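Q:
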Amino acid sequence: MSYSASHPYFRKRMAKEYHLDESGLANAPFPSKPNKTRWNSHFSMIRGALKIREAIDAHCRAYIGVRNEVLGNYLLTDSQWKQLELLKPILRLAVAVTKKMERSEGTLCDVLDHHASLRDDIARNVRLIGGDPDLDSETKTELKKFLNAMESKLRKYRDIALSNRLTLAAALIHPNNRKLFQISYPSYRAQAETALRELLDELVDSNSKEPSPKATAATLATGANPPSPCSAARQRREQAAEERADDEDSDNEEDEVAKYLNPKNCPWRASDGTPYKWWRDNEGVFPTLSKLTRIILGTSGSSSAVERVFSQAALVSTNRRGSLSASTISQLVTTRHWLTHGANQLAGLSEQALKVSHSHQLLPSPDVIKPRKKK
1 MSYSASHPYF
11 RKRMAKEYHL
21 DESGLANAPF
31 PSKPNKTRWN
41 SHFSMIRGAL
51 KIREAIDAHC
61 RAYIGVRNEV
71 LGNYLLTDSQ
81 WKQLELLKPI
91 LRLAVAVTKK
101 MERSEGTLCD
111 VLDHHASLRD
121 DIARNVRLIG
131 GDPDLDSETK
141 TELKKFLNAM
151 ESKLRKYRDI
161 ALSNRLTLAA
171 ALIHPNNRKL
181 FQISYPSYRA
191 QAETALRELL
201 DELVDSNSKE
211 PSPKATAATL
221 ATGANPPSPC
231 SAARQRREQA
241 AEERADDEDS
251 DNEEDEVAKY
261 LNPKNCPWRA
271 SDGTPYKWWR
281 DNEGVFPTLS
291 KLTRIILGTS
301 GSSSAVERVF
311 SQAALVSTNR
321 RGSLSASTIS
331 QLVTTRHWLT
341 HGANQLAGLS
351 EQALKVSHSH
361 QLLPSPDVIK
371 PRKKK
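In full-length UniProt numbering, the protein residues as written are 1 to 375.
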């Protein structure tokens, strides 16, 4: 509850602990630490505090006027409690978005969609606060400070996402986001479509550069001997036909992208649930694009898995683990996991090796085989 504390010493301590610079951020509501934004912690704290509001007020009142005690200065007014209640909805949305982004499956396609939801919800709350006649000026000012600080932090990461070609294409790859840029990011609509087409062209070019089985077989058959004039003429004719076919395929791919970006073609259904199911059902309609989606849809949009590994490293290394390399931290965490839960000695082996190991386990142990009696 640091943003609503009125004691000057408390604010100075928060400024020293959280913000060592002179940017004035310490005066913003709920100043975040330099490394991360603690919105989830704020929501848990507010939700818990509102449940025991009477107990908190009684505890603070008991220390009013007590010498060498400052808890009495932290007594919140009705206006400040009202601020906490009004912050719950936007923080609840932030928590929900965080949980979705921390899923183990690919979430890169949802990054810009969630950014748009948070941005629009913050703007809506600012309008509602400004037009609410029941709120006093102090409450409006404090709430706007918090929402503006939240929007500033989100804008920083949103700009990073919008400057990344893969993130733009991933957003369009989600069939339910085909109108996302038209509605939420109109100035980036053309850039996103260009990013999708470029990635598709690069995928097609990489596939076309692979040697065909026929060409390889012909090369092996002829060896180093030069082709005869008739064979050379035939190869030139076939090569020209392949080039014309590639041009036609390129035109068809352009048509395929334009066809996909039209939401009337194979519209998104509520029963689809995930983009994976939609692309499985419509792979025949968009055969070239479906190859690109297999690569992009599996990409994670969050670094939460890496951050969990770094947090777990604190249990097996010193507080100065920031100087350790990523591979060292991974080995420490993996070793600790093996010591705690045991290790699979067959992990990473081929299927044939696993079958052999299983056959060996079925054999009787030599220790329990009784020696034959001599006659």
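Yeah, the Cβ is synthetic: ideal placement off N, Cα and C, and Gly gets one too. Small disclaimer: the values here were computed from a predicted structure and weren't measured.
Could you tell me how far apart the beta carbons of Ala240 and Leu196 are, in whole angstroms, since I believe they sit closer than 8 Å?
A: No, Ala240 and Leu196 are not in contact; Cβ-Cβ is about 30 Å, not under 8 Å.
Q: Taking C-alpha atoms, which residue in Asp205, Leu166, Leu162 lies nearest to Tyr185?
A: Checked all of Asp205, Leu166, Leu162; the closest Cα to Tyr185 is Leu162.
Q: Do Pro175 and Pro275 come within 8 Å of each other at the CB atom, strictly closer than that value?
A: For Pro275 and Pro175, yes; Cβs fall inside 8 Å.
Q: Taking Ser187 as the reference, give the member of Leu200, Asp159, Arg127 with the closest Cα.
A: Cα-wise, what sits closest to Ser187 is Asp159.
Q: Drop a sphere of 10 angstroms on the beta-carbon of His360, count the other beta-carbons inside from all chains shown, and report buried for 16 or more, exposed for fewer.
A: Its Cβ having fewer than 16 others within 10 Å, His360 is exposed.
Q: Can you tell me whether Tyr157 is buried or exposed? The criterion is at least 16 other CB atoms within 10 Å of its CB, across all chains shown.
A: With fewer than 16 Cβ atoms within 10 Å of its Cβ, Tyr157 is classed as exposed.
Q: Gly48 to Ala58, Cα distance in whole Å?
A: Cα-Cα distance, rounded: 16 Å.
Q: Any idea if Gln345 is buried or exposed, counting beta-carbon neighbours within 10 angstroms, 16 or more meaning buried?
A: Classification for Gln345: exposed.
Q: Return the chain-ordered list of same chain residues with a C-beta closer than 7 Å to the C-beta of residue 377, the five sequence neighbours on each side being excluded.
A: Coverage of the chain is limited to positions 1 through 375, which leaves residue 377 absent and any answer about it impossible.
Q: Per DSSP, what kind of secondary structure is Glu69 in: helix, strand or coil?
A: Three-state result, Glu69: coil.
Q: Given 8 Å as the limit, is there contact between the stretch 127-138 and the stretch 78-96, that is, 3 or more CB pairs closer than that?
A: Yes: at least three Cβ pairs fall under 8 Å.
Q: Tell me the start and end of each unbroken alpha helix (DSSP H) in the stretch 39-120 that is at least 4 residues and wholly inside, in chain order.
A: Listed in chain order, they are 39-51, 53-62, 78-101.
Q: For the candidate residues Asp78, Gly65, Leu87, whose alpha-carbon lies nearest to that of His42?
A: The option with the nearest alpha carbon to His42 is Leu87.
Q: Please report the distance separating the alpha-carbon of Met150 from that of Leu143.
A: Taking the straight line joining both Cα atoms gives about 11 Å.
Q: Would Cys60 and Leu50 qualify as a contact pair, given that the criterion is a beta-carbon distance under 8 Å?
A: Cβ distance not < 8 Å, so Cys60 and Leu50 don't count as in contact.
Q: Please list the segments of the alpha helix (DSSP H) lying wholly inside the stretch 121-189, counting only runs of 4 or more residues, in order along the chain.
A: Counting whole runs of 4 or more residues, the stretch 121-189 contains the alpha helix (DSSP H) stretches 137-162, 165-173, 180-183.
Q: Exposed or buried, what is Asp132 when buried is set at 16 or more other beta-carbons lying within 10 Å of its beta-carbon?
A: Exposed, since its Cβ has fewer than 16 Cβ neighbours within 10 Å.
Q: On the DSSP letters alone, give me the boundaries of the alpha helix (DSSP H) that Leu292 sits inside.
A: Run containing Leu292: 287-296, per the alpha helix (DSSP H) assignment.
Q: Which residues in the same chain have their Cβ closer than 7 Å to the Cβ of Asn27, if we skip the five residues on either side of it in sequence?
A: A caution first: Asn27 carries a pLDDT of 40, below 50, which makes its placement in the model too unreliable to give a value.
Q: So Leu91 and Asp121 are supposed to be a Cβ contact under 8 Å. How far apart are they, rounded?
A: No, Leu91 and Asp121 are not in contact; Cβ-Cβ is about 11 Å, not under 8 Å.
Q: Beta-carbon separation of Leu118 and Val97 under 8 Å?
A: It is a contact, given that the beta carbons lie within the stated cut-off.
Q: Terminal residues of the continuous alpha helix (DSSP H) containing residue 418?
A: For the chain, the structure presents residues 1 to 375; residue 418 sits outside this window and is missing.
Q: CB Leu112 to CB Thr194, shorter than 8 Å?
A: Cβ atoms of Leu112 and Thr194: not closer than 8 Å.
Q: Would you tell me roughly how many angstroms separate the C-alpha atoms of Cys266 and Cys109, rounded to the nearest one?
A: Distance between the alpha carbons of Cys266 and Cys109 is about 19 Å.
Q: Where does the unbroken alpha helix (DSSP H) through Lys355 begin, and where does it stop?
A: Element bounds for Lys355: 351-362.
Q: For the alpha helix (DSSP H) containing Ser228, list its first residue and its last residue.
A: Here Ser228 belongs to no alpha helix (DSSP H), and DSSP marks it neither H nor E.
Q: Buried or exposed, going by whether 16 or more other CB atoms sit within 10 Å of the CB of Ile183?
A: It is exposed - the Cβ of Ile183 has fewer than 16 other Cβ atoms within 10 Å.
Q: Give a yes or no on whether the C-beta atoms belonging to Leu200 and Leu339 are separated by under 8 Å.
A: Cβ atoms of Leu200 and Leu339: not closer than 8 Å.
Q: For Arg236, does the three-state DSSP call read helix, strand or coil?
A: Note: Arg236 maps to helix in three-state DSSP.
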